[in-house]
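Comments concern the structure below.
Residue numbers (this note's numbering): 77 to 464.
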């Protein structure tokens, strides 16, 4: 369409020329009408843009604000009832906003993200874990509660000294909800758990007994790796060289299995070293420790051992095999590791817990002295047959 035709469509046909009227110059009329045409086109485009925003805004709001809520939509608070929400390790602010919206804690994701964006430094300090919040909270209040560690529900798992790995893993599984098979799978990759070369791929002895705060669903490998790291830290603290890690843990585990009181640990460590250092001594290099036999049987609750158990062909049977067993027989604590690394000075070759209930232990240099102490132990056993 030419400019003349467009002008005609908008303004109509021009008046016919009369004998007494002078026609206006075309270029002037064309210039004014052309400007008006451009203005009209701008209005039409602007109107289309407004219509597009009107149509698309709900869709955009749904994508970024969650559930079709308009931007900034928020509950007045303070909310009611309790709801537990879990912030997972590595969750971003967007992830947390989605979790809160899905749980009904906040009205929209945008409301929470606005509150979080107001204090990015505090937002970065939110820890993984479970939090008890309320439904229908003002987003800023929910954000404040998440940034306060006191509101974080702590799942504490306490692992006592001297447990076997076969006892520790079911405890961890029960506390965290992680299947036992996941721990078993993790144990097949010992290097990924931080186990040193001296461990020979075996976890026994390297699961440090302590209190841990593993959140529900914490990966099995993460839990085990944390415990191994704690053991390595204790070994370094005791001044143990890496090549001696397993040897010291083996001695420490025997100490843990034999002694109740801290005062006797370093003395038991000395008995072990004296027997190892003298293959021609009274025990001809054999440790003869009941705790190693208990490990073979995987039984607890009784003092002493049977003749049958002491005749086992297991390499862990220190009544038959000279020297140390192949590795730790439990997971020792810090006191036993320290004692194994720094034995007391003394000539003792023997010891016996004359009262297993109280842990009272007597040490001896000669077999005759030891026999007398054993009689005291036997008397206790005759009075506590259910424990011997």
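Glycine included, each C-beta is placed from N, C-alpha and C at the ideal position.
Selection from the options that minimises the alpha carbon distance to residue i
i	options	result
residue 42	355, 431 and 240	Look at the range of the chain in this structure, 77 to 464, and you will see that residue 42 is not part of it.
residue 158	283, 443, 212 and 460	212
residue 266	314, 302 and 246	302
residue 273	317, 244, 444 and 338	317
residue 319	271, 361, 365 and 352	271
residue 277	402, 438, 456 and 150	402
residue 373	153, 387, 165 and 455	387
residue 371	254, 165, 444 and 395	395
residue 156	300, 194, 377 and 180	180
residue 285	235, 197 and 260	235
residue 422	243, 350, 375 and 377	350
residue 275	293, 218 and 304	304
residue 293	163, 433 and 443	163
residue 177	166, 218, 165 and 154	218
Contact set for residue i: own chain, Cβ-Cβ below 7 Å, skip 5 residues either direction
i	result
residue 297	262, 268 and 269
residue 169	189, 192 and 199
residue 449	428, 430, 438 and 440
residue 194	none
residue 410	310
Residues near residue i by beta carbon distance below 6 Å, same chain, minus five either side
i	result
residue 446	426 and 440
residue 175	161
residue 337	435
residue 173	185, 188 and 189
residue 237	285, 332 and 409
residue 432	379
Cutoff 8 Å; reference residue i; Cβ partners in own chain excluding five residues on either side
i	result
residue 139	Its pLDDT being 44, under 50, residue 139 is placed unreliably by the model, and nothing is read from it.
residue 331	341, 344, 345, 348, 408, 412, 415 and 416
residue 38	The shown model of the chain, from 77 to 464, leaves out residue 38, and the question about it has no answer.
residue 360	398
residue 420	342, 343, 345 and 346
residue 241	279, 280, 283 and 407
residue 352	361, 363, 399 and 400
residue 457	379, 380, 463 and 464
residue 149	141, 183, 184, 186 and 187
residue 201	223
residue 377	463
Beta-carbon proximity check, residue i vs residue j, cutoff 9 Å
i	j	result
residue 223	residue 199	yes
residue 252	residue 233	yes
residue 327	residue 435	no
residue 239	residue 161	no
residue 399	residue 366	no
residue 324	residue 339	no
residue 452	residue 428	yes
residue 182	residue 215	yes
residue 329	residue 406	yes
residue 72	residue 322	Residue coverage of the chain in this structure runs from 77 to 464, which leaves residue 72 outside it and unanswerable.
residue 295	residue 254	yes
residue 256	residue 244	no
residue 197	residue 259	no
Residue i - DSSP class collapsed to helix/strand/coil
i	result
residue 463	helix
residue 276	coil
residue 233	strand
residue 449	helix
residue 101	At residue 101 the pLDDT is 45, less than 50, meaning the model places this residue with poor confidence; the figure from the coordinates comes in the next sentence. It is coil, neither helix nor strand.
residue 316	coil
residue 333	helix
residue 360	coil
residue 438	strand
residue 161	strand
residue 191	helix
residue 219	helix
residue 321	helix
residue 409	coil
residue 381	coil
residue 286	coil
residue 292	coil
residue 208	strand
residue 85	Any reading at residue 85 must be qualified, since the residue scores a pLDDT of 41, below 50, and its modelled position is unreliable; the value itself is stated next. Residue 85 falls in the helix class under three-state DSSP.
residue 250	helix
residue 376	coil
residue 214	coil
residue 156	strand
residue 227	helix
residue 201	coil
residue 431	strand
Practice item. Answer yes if the stretch 304-315 comes into contact with the stretch 350-364, meaning at least three C-beta pairs across the two stretches below 8 Å, and no otherwise. Key: Of all C-beta pairs linking the stretch 350-364 to the stretch 304-315, fewer than three are shorter than 8 Å, placing the two stretches out of contact.
Exercise for review: Could you tell me whether the stretch 204-219 touches the stretch 272-292, where touching means 3 or more Cβ pairs closer than 8 Å?
Suggested key: Touching, yes, given that three or more Cβ pairs across the two stretches are closer than 8 Å.
Review point. Using 8 Å as the threshold, is the stretch 335-355 in touch with the stretch 375-387, meaning 3 or more CB pairs across them?
Key: The stretch 335-355 makes no contact with the stretch 375-387: fewer than 3 CB pairs, one atom from each, lie closer than 8 Å.
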